[in-house]
Structures are given as C-alpha cells and as structure tokens.
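Asker:
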Amino acid sequence: MALRSTKQAATKIIDTTGNLVLSPPYGGFGFYHNHGPRTERKVALTFDDGPNKPSTEMLLDTLGELGVPATFFCLGIQAQFHPDLITRIDTEGHVIGNHSMRHARKDTLMLRGGQHIDECADVLAQLLGRRPRLYRPPWGWLTPWEGSRLIQRGYAIIGWDVYTLDWKLPEVDGRVLADGMYRDTKPGSIILLHDSNGIRPESQKVQMTHAVRHLVPRLQAEGYTFVTVPELLNMPAYIPLL
0 MALRSTKQAA TKIIDTTGNL VLSPPYGGFG FYHNHGPRTE RKVALTFDDG
50 PNKPSTEMLL DTLGELGVPA TFFCLGIQAQ FHPDLITRID TEGHVIGNHS
100 MRHARKDTLM LRGGQHIDEC ADVLAQLLGR RPRLYRPPWG WLTPWEGSRL
150 IQRGYAIIGW DVYTLDWKLP EVDGRVLADG MYRDTKPGSI ILLHDSNGIR
200 PESQKVQMTH AVRHLVPRLQ AEGYTFVTVP ELLNMPAYIP LL
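Okay, here's the thing in structure tokens:
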C-alpha cells in the first residue's frame with residue numbers, strides 16, 4: 000500500500016513538472032505556436048486523438064451544420080482504423096495534422112526518436128496524397144531535442160491557449176465546457192478539444208459535440224470568425240509529396 004502511494008505521488012510530480020516545462024501554453028521551449036495574432040477576432044477549433052466512430056462522425060455533422068472549419072490532429076493508428084473518416088475530414092474542408100502514431104508519451108521523450116511522427120506522417124500521406132506540416136505532440140509534451148528535429152524538418156508545432164477537460168470520463172457537461180471556452184477565448188485563440196478518448200476509444204464524446212454547438216454561435220455573435228490553424232497562422236497546411 001505504501002509503495003503504491005509512493006508511486007502515485009511520484010507520478011503526480013512527474014506529470015505536474017512535465018506539463019509545466021514541456022506543455023503549452025508556457026512550456027515547450029519556444030517551439031510552439033500557441034495562438035495567432037491578437038489583433039483580429041479569428042479563432043481555431045482543434046481536435047485531437049481521432050478519428051473515431053461515432054464521435055468524429057457526429058462532430059463533422061455538427062461542424063457542417065454550423066458551417067465552420069476545424070483542424071484535426073490525428074493519430075496514425077486511428078487513421079488506419081478509419082481511413083474513410085480521414086477522407087471525409089479532408090473533403091469537407093477541414094485540415095489534418097500529425098499527432099503521432101500511437102499517443103505514447105515515452106516516444107516523445109526519447110533522445111533519438113521521431114519514428115512515431117514519421118509513421119503517422121506516412122499513413123496520412125498515403126491517404127491524403129500530401130504530407131501534413133502541422134504537428135502536435137501527444138500529451139502536449141515537447142522536449143528541446145524533438146522540437147529542434149521537427150523545426151529542421153519543416154514542421155510547424157501547434158499548441159493551444161484554450162484548454163478544456165473534455166477528455167475526462169464521465170464527460171463534463173457540454174454547457175460547462177462551452178462556458179469555460181467562451182470565458183478563456185481571445186482574438187487568435189487556438190482551442191483544444193478531443194474527438195476521441197485514448198482511455199476508452201468507444202467514448203462517443205457527446206458532451207464535447209454539444210459544447211461546440213453551444214460555443215460557436217456565442218462567439219460568432221461577438222464578431223469572431225472560425226478558421227483553420229494554417230489560416231490563423233498564415234502558413235501552409237501540407238507538404239507536397241516528391
């Protein structure tokens with residue numbers, strides 16, 4: 000019992016320190032793009048860990064009804080499971096980014112790494128016909144050595160400045176999520192949400208979808224426009240295949 004408590008305490012310290020040093024909005028050693036220009040009322044919705052069924056399908060339906068684009072940071076393994084959703088995300092005008100192959104924290108900490116990124120890039124390139132330029136590390140943890148490698152290879156590393164707890168189970172009520180995002184959003188914000196749950200992939204993310212439905216019209220009423228991350232940051236979304 001004492002050993003378990005010690006391990007839990009150590010894990011909490013590691014998580015807290017890692018989030019502070021390696022993760023947005025303050026960590027990451029300056030490699031992250033955490034928001035766009037603060038001078039225009041443009042914001043970007045981003046979704047991690049998918050695609051998945053039925054959660055991504057319901058989200059795409061909602062985004063289509065609202066008429067707003069988004070940016071999806073997809074896992075390679077999920078793209079292999081649901082190639083039809085990768086195609087749908089792309090054809091409906093959204094942008095796809097790389098979120099690593101399997102969302103394994105240990106992969107992001109390796110001194111000599113990058114395979115988890117390359118594997119995902121290859122999967123997405125095969126499905127899209129072009130290679131995503133945007134990358135978001137799993138857990139948001141970015142070491143200086145991985146950041147340097149990614150920049151040298153032409154990646155743009157995308158963080159966030161609006162963070163929600165939509166990954167929690169049971170799901171947080173959609174209106175509560177929407178209220179939090181509404182409160183924290185500023186001109187240029189990049190909003191982090193999840194269209195899949197790495198702990199229980201079968202989670203339908205119903206409340207997250209409700210939150211999007213509540214949030215979008217509230218921000219639009221205040222003059223905000225929803226754009227993709229590349230549009231917000233004025234950068235290309237993809238690298239052509241040679």
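Position 28 (the sequence shown) corresponds to 27 in numbering that gives the first Met the number 0; numbering is contiguous.
We put the beta carbon where it would ideally sit given N, CA and C, even for glycine.
None of the values given here were measured: they were computed from a predicted structure.
(1) Could you tell me the distance, in whole angstroms, from the CA atom of G153 to the CA atom of S188?
(2) Do you know offhand how far D47's Cα is from F72's?
(3) When burial is assigned at 16 or more other CB atoms within 10 Å of the CB, is R174 buried or exposed?
(4) Please report the Cβ distance between L133 and I88, rounded to the nearest whole angstrom; I am assuming they are in contact, meaning their Cβ atoms lie under 8 angstroms.
(5) What separation, rounded to the nearest whole angstrom, lies between the Cα atoms of G179 and V211?
(6) Using only alpha-carbon positions, find the residue among L127, A124, R101 that is nearest to H115.
(7) In chain order, what are the residue ranges of uninterrupted beta strand (DSSP E) at least 3 long that sit wholly in the segment 69 to 141?
(8) Under the rule that 16 or more other beta-carbon atoms within 10 Å means buried, what is S147, buried or exposed?
(9) Can you check which of these residues, P186, T224, F28, S202, is closest to T55 by C-alpha distance?
(10) Please work out which residues of its chain come closer than 6 angstroms, Cβ to Cβ, to G75, disregarding the five sequence neighbours upstream and downstream, and give them in chain order.
(11) Quick one: Cα of G158 to Cα of V67, how far?
(12) Spatial neighbours of E221 within its chain, please: C-beta separation below 8 angstroms, excluding the five flanking residues on both sides.
(13) Less than 8 angstroms separating the beta-carbons of N51 and D165?
(14) Taking all protein chains shown into account, decide if L21 is buried (16 or more other Cβ within 10 angstroms of its Cβ) or exposed.
Answerer: Result, derived from the coordinates:
(1) For the purposes of this step, residue 153 is taken as residue 154 along the sequence shown, with counting starting at 1. For the purposes of this step, residue 188 is taken as residue 189 along the sequence shown, with counting starting at 1. Approximately 23 angstroms, taken between the alpha carbons.
(2) Locating residue 47 in the sequence shown gives position 48, counting from the first residue. Locating residue 72 in the sequence shown gives position 73, counting from the first residue. Answer to the nearest angstrom: the Cα atoms are 5 angstroms apart.
(3) On the sequence shown, position 175 is the one that residue 174 refers to. Counting Cβ neighbours within 10 Å, R174 comes out exposed, since fewer than 16 surround it.
(4) The count along the sequence shown starts at 1 and reaches residue 133 at position 134. The count along the sequence shown starts at 1 and reaches residue 88 at position 89. Incorrect: roughly 13 angstroms between the Cβ atoms, too far for contact.
(5) For the purposes of this step, residue 179 is taken as the residue at position 180 of the sequence shown. For the purposes of this step, residue 211 is taken as the residue at position 212 of the sequence shown. G179 and V211 have their C-alpha atoms spaced approximately 12 angstroms apart.
(6) Looking up residue 115 in the sequence shown gives position 116. Residue R101 is the option with its Cα nearest to H115.
(7) Taking only runs of at least 3 residues, the beta strand (DSSP E) segments lying wholly in the segment 69 to 141 are 70 to 73, 94 to 97, 129 to 131.
(8) If you number the sequence shown from 1, residue 147 lands on position 148. By the 16-neighbour rule on beta-carbons within 10 angstroms, S147 is exposed.
(9) To locate residue 55, count along the sequence shown from 1; it is residue 56. Ranked by Cα distance from T55, the options P186, T224, F28, S202 are led by S202.
(10) Numbered from 1 along the sequence shown, position 76 holds the residue referred to as residue 75. Excluding positions up to five away in sequence, the list reads M100, E118, C119, V122.
(11) Position 159 of the sequence shown holds residue 158. Position 68 of the sequence shown holds residue 67. Here the alpha carbon of G158 sits roughly 20 angstroms from the alpha carbon of V67.
(12) Residue 221 sits at position 222 when you count from the first residue of the sequence shown. Closer than 8 angstroms at the Cβ level, and outside the excluded window around E221, lie R40.
(13) As a position in the sequence shown, residue 51 is number 52, starting the count at 1. As a position in the sequence shown, residue 165 is number 166, starting the count at 1. Not closer than 8 angstroms, so no.
(14) To locate residue 21, count along the sequence shown from 1; it is residue 22. When all chains shown are included, L21 counts as buried.
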